[in-house]
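By UniProt numbering, the letter at position 25 of the sequence shown is numbered 25, and the numbering carries on one by one without gaps. All C-beta atoms in this analysis are idealised placements derived from N, C-alpha and C, irrespective of residue type, glycine included. Since the structure comes first, as structure tokens, the remarks are kept for the end.
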Amino acid sequence: MAKYIVGEIKRNVKSLVAQKIRYLIESEPLYVGQVDVNEMNYINALTLWTEKVGDKKDWDHKPKISNKSELKAVAVHRVSDLTGRCLTSHYHKYRDFDYFYDVWSNIHYGYVGLSVGFDENTLLLGSNTQQFFQSFLKTDTPDDITTMKISFELHKKFGKYAEKLKPQDVLDILDKTPQSKFPTSKKTHICHDKTAQRCKK
1 MAKYIVGEIK RNVKSLVAQK IRYLIESEPL YVGQVDVNEM NYINALTLWT EKVGDKKDWD
61 HKPKISNKSE LKAVAVHRVS DLTGRCLTSH YHKYRDFDYF YDVWSNIHYG YVGLSVGFDE
121 NTLLLGSNTQ QFFQSFLKTD TPDDITTMKI SFELHKKFGK YAEKLKPQDV LDILDKTPQS
181 KFPTSKKTHI CHDKTAQRCK K
């Protein structure tokens with residue numbers, strides 16, 4: 001999973017749409033009459049962003065993770081705490097823990113978001129721009145906040161284009177982050193969790 005999401009980060013930070021968003025955000029302030037062109041550029045950047053990261057859009061990796069055969073093949077089967085359903089493609093193991101697929105999607109979202117020029121607060125809380133607010137508002141669960149901050153830390157270390165970012169870097173920071181910081185998304189591996197309900201064969 002880490003290899004997959006790092007590959008997606010490296011590809012998407014250099015994509016044409018990333019370049020367009022970056023250009024719109026980094027444009028010098030300009031006024032035409034009473035119109036703040038820079039503000040309009042920012043709104044256009046948000047629009048392009050939401051078209052990529054919104055639910056089931058190209059940069060929403062959850063559907064891809066749950067449907068890709070090669071990723072499903074290495075998934076851990078766990079019963080959902082919320083629905084009681086057996087999830088066969090939503091959790092992936094690293095060492096002693098199973099990680100929910102939101103983790104990988106959030107890491108991509110935060111890393112690429114900083115890369116194109118949005119700030120941390122915008123990515124964490126959304127924007128007061130109505131279209132952005134309605135299209136993609138990050139929920140403020142502990143798990144979302146933690147995994148977003150993980151992506152910010154990785155971006156600060158490896159930079160805009162993630163050239164030296166490796167899958168192991170992602171795994172290492174997940175491993176060292178306490179389970180209490182994202183209890184729903186980092187669960188004790190099913191084989192060691194005596195309290196977890198098992199999927200029925």
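message = Using a 10 Å radius around the Cβ and a threshold of 16 neighbouring Cβ atoms, would you call Gly84 buried or exposed?
response = Here residue 84 refers to the residue found at position 84 when the sequence shown is read from its first residue. In this structure Gly84 is exposed. Its beta-carbon is surrounded by fewer than 16 other beta-carbon atoms within 10 angstroms.
inquiry  = List, from N- to C-terminal side, the alpha helix (DSSP H) runs of 4 residues or more that fit wholly inside the UniProt domain "Bacterial toxin 44" (49-156).
reply    = 61-67, 69-72, 102-116, 120-125 and 130-135
message = Residues in the same chain with beta-carbon distance under 7 Å from Asp175, minus the five sequence neighbours each way, listed in chain order, please.
response = Numbered from 1 along the sequence shown, position 175 holds the residue referred to as residue 175. Closer than 7 Å at the Cβ level, and outside the excluded window around Asp175, lie Tyr94 and Arg95.
ask   = By the 10 Å Cβ neighbour count, where 16 or more other Cβ atoms means buried, how is Ala18 classified, buried or exposed?
value = Taking the first residue of the sequence shown as 1, we reach residue 18 at position 18. Buried, because 16 or more other Cβ atoms sit within 10 Å of the Cβ of Ala18.
task = Would you kindly report the start and end of the unbroken beta strand (DSSP E) that includes Lys187?
result = Numbered from its first residue, the sequence shown carries residue 187 at position 187. Where Lys187 is concerned, the enclosing beta strand (DSSP E) stretches over Lys186 to Thr188.
request  = Counting only the same chain and skipping the five closest in sequence on each side, list residues whose C-beta sits under 8 Å from that of Val13.
outcome  = Locating residue 13 in the sequence shown gives position 13, counting from the first residue. Same-chain partners within the cutoff: Tyr111, Val112, Ser115, Val116, Lys160, Tyr161 and Ala162.
ask   = What's the C-alpha gap between Lys149 and Asp58?
value = By 1-based counting over the sequence shown, the position of residue 149 is 149. By 1-based counting over the sequence shown, the position of residue 58 is 58. Approximately 22 Å, taken between the alpha carbons.
ask   = Looking only at C-alpha atoms, which of Asn67, Leu82 and Thr122 sits nearest to Met1?
value = Along the sequence shown, one-based indexing puts residue 1 at 1. Of the candidates Asn67, Leu82 and Thr122, the one whose C-alpha sits nearest the C-alpha of Met1 is Asn67.
inquiry  = So, with DSSP's three-state summary, where would you put Gly7?
reply    = Locating residue 7 in the sequence shown gives position 7, counting from the first residue. Of the three classes helix, strand and coil, the one that applies to Gly7 here is helix, per DSSP.
ask   = Between Lys166 and Thr195, what straight-line distance do the alpha-carbon atoms span, to the nearest angstrom?
value = Position 166 of the sequence shown, counting from 1, holds the residue named residue 166. Position 195 of the sequence shown, counting from 1, holds the residue named residue 195. Computed Cα separation, rounded: 34 Å.
key: Rounded straight-line distance, which links the Cα of Lys3 to that of Ser153   = In the sequence shown, counting from the first residue as 1, residue 153 sits at position 153. In the sequence shown, counting from the first residue as 1, residue 3 sits at position 3. The question names Ser, but residue 153 is Glu in the sequence shown. Looking at the two C-alpha atoms, the distance is approximately 18 Å.
ask   = How close, in whole Å, do the beta carbons of Thr146 and Thr177 come, if the pair is a contact with beta carbons under 8 Å?
value = If you number the sequence shown from 1, residue 146 lands on position 146. If you number the sequence shown from 1, residue 177 lands on position 177. Right, the Cβ-Cβ distance comes to about 7 Å (below 8 Å), so this counts as a contact.
inquiry  = Classify Arg78: buried if its beta carbon has 16 or more other beta carbons within 10 angstroms, exposed otherwise.
reply    = Against the sequence shown, residue 78 aligns to sequence position 78. When all chains shown are included, Arg78 counts as buried.
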